[in-house]
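J.: Sending over a structure as structure tokens; questions will come in a sec.
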Amino acid sequence: MNQGSSNYHKDLASTFLNQIWRVFSGPLMLFCIPYFLSPETQGYWYTFISLAALSVLADLGFSNIVLQFSAHEFAFLQFNQNNQLKGNREHLFRLADFFQFSLKWLFKVILIAFPLIMIGGYFFLSYKTTPDHPIYGWENAWFMYSFFSAFVFMNSIVLSFFEGCNLVGKVQQIRFHIAVVTTLSMFVGLISHLGLLALALSNVFSSLAGIFFIIRNFKYPILQFLKIEKHNVYDWWPEFSALIWRYAISWGSGFLVFQLFTPITFYFYGPTAAGKIGISIAMWTAGYNIAISWIIAITPQMNILIAEKKWERLDYLFHNGLIKSLCTMLCGGVIFFLIEYIFYPKVSFFQRIISPRGMMILFLAWLLQVIINAMAIYLRAHKKEPLVKISCINAIIVVVGTFICGKFLKPEFVFIGFFIGSLIQCPAVYHVFRTYKKCHQTYNGV
Numbered sequence: 000m001n002q003g004s005s006n007y008h009k010d011l012a013s014t015f016l017n018q019i020w021r022v023f024s025g026p027l028m029l030f031c032i033p034y035f036l037s038p039e040t041q042g043y044w045y046t047f048i049s050l051a052a053l054s055v056l057a058d059l060g061f062s063n064i065v066l067q068f069s070a071h072e073f074a075f076l077q078f079n080q081n082n083q084l085k086g087n088r089e090h091l092f093r094l095a096d097f098f099q100f101s102l103k104w105l106f107k108v109i110l111i112a113f114p115l116i117m118i119g120g121y122f123f124l125s126y127k128t129t130p131d132h133p134i135y136g137w138e139n140a141w142f143m144y145s146f147f148s149a150f151v152f153m154n155s156i157v158l159s160f161f162e163g164c165n166l167v168g169k170v171q172q173i174r175f176h177i178a179v180v181t182t183l184s185m186f187v188g189l190i191s192h193l194g195l196l197a198l199a200l201s202n203v204f205s206s207l208a209g210i211f212f213i214i215r216n217f218k219y220p221i222l223q224f225l226k227i228e229k230h231n232v233y234d235w236w237p238e239f240s241a242l243i244w245r246y247a248i249s250w251g252s253g254f255l256v257f258q259l260f261t262p263i264t265f266y267f268y269g270p271t272a273a274g275k276i277g278i279s280i281a282m283w284t285a286g287y288n289i290a291i292s293w294i295i296a297i298t299p300q301m302n303i304l305i306a307e308k309k310w311e312r313l314d315y316l317f318h319n320g321l322i323k324s325l326c327t328m329l330c331g332g333v334i335f336f337l338i339e340y341i342f343y344p345k346v347s348f349f350q351r352i353i354s355p356r357g358m359m360i361l362f363l364a365w366l367l368q369v370i371i372n373a374m375a376i377y378l379r380a381h382k383k384e385p386l387v388k389i390s391c392i393n394a395i396i397v398v399v400g401t402f403i404c405g406k407f408l409k410p411e412f413v414f415i416g417f418f419i420g421s422l423i424q425c426p427a428v429y430h431v432f433r434t435y436k437k438c439h440q441t442y443n444g445v
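Numbering (numbering that gives the first Met the number 0) for the sequence shown: 0 to 445.
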């Protein structure tokens, strides 16, 4: 128990180190972007990010499946002093097979999805680029940014695999180093007045840093997986395919929920309004990422506890993490709105984001998402995806609501559909969550 507690606190510390960097780097970039970019270029900046996030359609929940499957196999293994795996041979072989299976799937997805993202994004951006709002050089910046997004995606999948091997602390340290490289390169690009190329170059350095740190930290287990002695290869496809289509629907729905707003605003109102929407989303996304860190830090442990059927410990960890996540998000919201109330008329930055009413709607939606996604992580740790229908219904509500608000209301109200969808989604997910907990109680004879 002491060793587990020690590992938990190390993982949590590493996770928060990553998020604390975001606390400092996020506001820095949020102030630098309006300072160094015109309102129109700011709109293209955040539209780039939203379009490249179409990689979620390449992911299809694959990163989460990789973490879950590797965690369930690693429950019976451990690393030795040479940073290689030892333990139950059957599970070692299965883990090696799954790593190779994951790489093959990853390369196929990259070759199919990212060329489509690159070409589709180009035509979307071209449609709204007019002589009245010329943004010179956006084409080269977009192609560079979207091309290297494929390598960023590849690094993320590999890190998810090793995160499932109960290396949360090490993986979070690597993510922290990558985030530092990304932010610094972006900052240098902005102060050098490179415009959209600053965003593209940050992706170049992010992908190269990711490859470097993965090789540096995981080359021995990777070589072990690739060179492991001949054995009966496990057929992962039936188990994998049973989940991937469900995850594909849920993850696709999630993209519509979280990445739809900036492109729709770009379409209806142009790049200036899209820039306000984009930077507002970035602010609350940063707050959400910090809050949900309490759950992210225990995700591999939850997978392992489920494999070991230790339900009481599982529920204790989850409820403790959820309370801390909610308190963190609430504190962040109170601090932001207090600062906004005091300085709104005096600081020009507040004119580059949406109005206080719009920010409040967005904050309440994200607060509900902390609860929803915490429960979703708990449920998916069972190697199940029971939220397909709920995700689809939520996506429909958000898409329809966002289009209606985008067409008929001011941009500050574009998040009403998101808020209503979250308000409906939360009790629906809780019902599924309670069903799983009752199953645990039945297993324990309660």
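Note that the Cβ used here is the ideal one computed from N, Cα and C, for glycine as well.
How about Pro299 and Ala70: are their beta carbons less than 7 Å apart?
T.: yes
J.: Report yes or no: do the region 30-41 and the region 267-286 share at least 3 C-beta pairs separated by less than 8 Å?
T.: At 8 Å Cβ cutoff, the stretches touch.
J.: What is the rounded straight-line gap between the Cα of Thr327 and the Cα of Cys425?
T.: So the two alpha carbons sit approximately 19 Å from each other.
J.: So, are the CB atoms of Asn63 and Phe75 less than 7 Å apart?
T.: no
J.: Report the rounded CA-to-CA distance for Pro461 versus Leu50, giving the unit in angstroms.
T.: The structure shown does not extend to residue 461, since the chain is modelled only from 0 through 445, so no value can be given for it.
J.: So for Phe78, helix, strand or coil by DSSP?
T.: DSSP places Phe78 in the strand class (E or B) of the three-state scheme.
J.: Measuring straight from C-alpha to C-alpha, what distance separates Tyr435 and Leu378?
T.: 8 Å
J.: Output yes or no for whether 7 Å exceeds the beta carbon distance between Gly188 and Leu200.
T.: A contact, by the Cβ cut-off of 7 Å.
J.: Is it buried or exposed, Tyr45, if we count other Cβ atoms within 10 angstroms and call 16 or more buried?
T.: buried
J.: Using the three-state DSSP reduction, which class does Gly86 fall into: helix, strand or coil?
T.: strand
J.: Under a Cβ-count criterion, where at least 16 other Cβ atoms within 10 Å of its own Cβ denotes burial, should Val346 be classed as buried or exposed?
T.: exposed
J.: For Gly357, I'd like the list of residues in its chain whose CB is within less than 6 Å of its CB, leaving aside the five on either flank, ordered along the chain.
T.: Glu411
J.: Taking the C-alpha atoms as reference points, what is the distance between Leu225 and Asn81?
T.: 17 Å
J.: Between which two residues does the alpha helix (DSSP H) carrying Arg312 extend?
T.: Annotation: the continuous alpha helix (DSSP H) that includes Arg312 extends over 310-342.
J.: Over what stretch of residues does the alpha helix (DSSP H) that includes Trp283 continue unbroken?
T.: 270-290
J.: Taking Ile173 as the reference, give the member of Leu193, Val151, Gly194 with the closest Cα.
T.: Val151
J.: I'd like the ranges of any alpha helix (DSSP H) spanning at least 4 consecutive residues and lying wholly in the region 126-201.
T.: Counting whole runs of 4 or more residues, the region 126-201 contains the alpha helix (DSSP H) stretches 137-163, 167-190.
J.: How many Å lie between Ile213 and Met117 at the Cα?
T.: Roughly 26 Å separates the two Cα atoms.
J.: If you draw a straight line from the alpha carbon of Glu311 to that of Ile360, how long is it in whole angstroms?
T.: The alpha-carbon separation between Glu311 and Ile360 amounts to approximately 36 Å.
J.: Distance check for Glu162 and Gln2, CA to CA, integer angstroms please.
T.: Residue confidence is low: Gln2 scores 45 on pLDDT, short of 50, so the model does not pin down where it sits. No coordinate-derived value is stated.
J.: Closer than 8 Å is the cut-off here; do at least three beta carbon pairs connect the region 392-403 with the region 412-424?
T.: yes
J.: Where Leu321 and Ile370 are concerned, what is the direct C-alpha to C-alpha distance, given to the nearest angstrom?
T.: 7 Å
J.: Buried or exposed, going by whether 16 or more other CB atoms sit within 10 Å of the CB of Glu384?
T.: buried
J.: Helix, strand or coil, according to DSSP, for Leu27 in the structure here?
T.: helix
J.: So is Ile190 buried or exposed if we call it buried at 16+ other beta carbons inside 10 Å?
T.: So Ile190 counts as exposed.
J.: Quick one: residues in its chain with C-beta nearer than 6 Å to the C-beta of Tyr343, no 5 flanking neighbours on either side, listed in chain order?
T.: Phe349
J.: Assign Tyr246 to buried or exposed, taking buried as 16 or more other Cβ atoms, counted over all protein chains shown, within 10 Å of its Cβ.
T.: buried
J.: Looking at Thr264 and Ala272, is the spacing between their C-beta atoms short of 7 Å?
T.: yes
J.: I need the straight-line Cα distance from Gly405 to His192, nearest angstrom please.
T.: 32 Å
J.: Does the distance from the C-beta atom of Gly42 to that of Gly274 stay below 7 Å?
T.: yes
J.: Taking the beta carbon of Ser159 as the centre, do at least 16 other beta carbons fall within 10 Å, making it buried, or is it exposed?
T.: buried
J.: So the candidates are Phe146, Ser354, Asn216; which of them puts its Cα closest to the Cα of Lys409?
T.: Ser354
J.: For Phe267, collect the residues of the same chain with a Cβ closer than 7 Å to its Cβ; drop the 5 residues on either side in sequence, then sort them by chain order.
T.: Gly405, Lys406
J.: Measuring CB to CB, does Ile303 end up less than 7 Å from Ala95?
T.: no
J.: So Ile105 packs on Ile48, CB below 8 Å; how close in whole Å?
T.: It is Leu, not Ile, that sits at residue 105 in the sequence shown. With a Cβ gap of about 22 Å, Leu105 and Ile48 do not count as contacting.
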